[in-house]
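Notes follow once the structure below has been shown.
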């Protein structure tokens, strides 16, 4: 079996992964700052939920803020996956497959 045949499935997976991460737009500095703030507010809300006994209306508000913070974190991570790939490519010659590096 040719070396190219062995590499083909991995190349297909890399291509699929790159296509998937390309679906998430890059963030502007302003977007990053907004998402970071939402994440911080979400962490504080989760902390308040865990360590206090808020009123029902405050509990709903805190849950909403915590969920928004988690969504902000997910968007931040998804939008920066290309950076992960670009860093992983620097180590491609080390004998470790690209997907394992990612």
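Numbering (my numbering), first residue to last: 402 to 503. Glycine is no exception: its CB is placed at the ideal position from the N, C-alpha and C atoms.
Report yes if the CB atom of residue i is closer than 8 Å to the CB atom of residue j, and no otherwise.
i           : j           : result
residue 424 : residue 473 : no
residue 500 : residue 493 : no
residue 455 : residue 463 : yes
residue 496 : residue 471 : no
residue 467 : residue 450 : yes
Going by CA-CA distance only, name the one from the options that's closest to residue i.
i           : options            : result
residue 445 : 431, 432, 460, 433 : 460
residue 435 : 450, 418, 502, 469 : 469
residue 421 : 480, 498, 463, 495 : 480
residue 418 : 497, 493, 492, 485 : 485
residue 478 : 437, 413, 416, 414 : 437
residue 476 : 412, 433, 411, 415 : 433
residue 465 : 447, 452, 503      : 447
Once the 5 residues before and after residue i are set aside, which same chain residues still bring their CB inside 7 Å of it?
i           : result
residue 402 : Note on residue 402: pLDDT 47, under 50, position unreliable in the model; the coordinate value appears next. Here the set comprises nothing.
residue 411 : 498, 500
Original post:
If you scan the segment 443-487 from start to end, which runs of the beta strand (DSSP E) of 3 or more residues do you find wholly inside it?
Top reply: none
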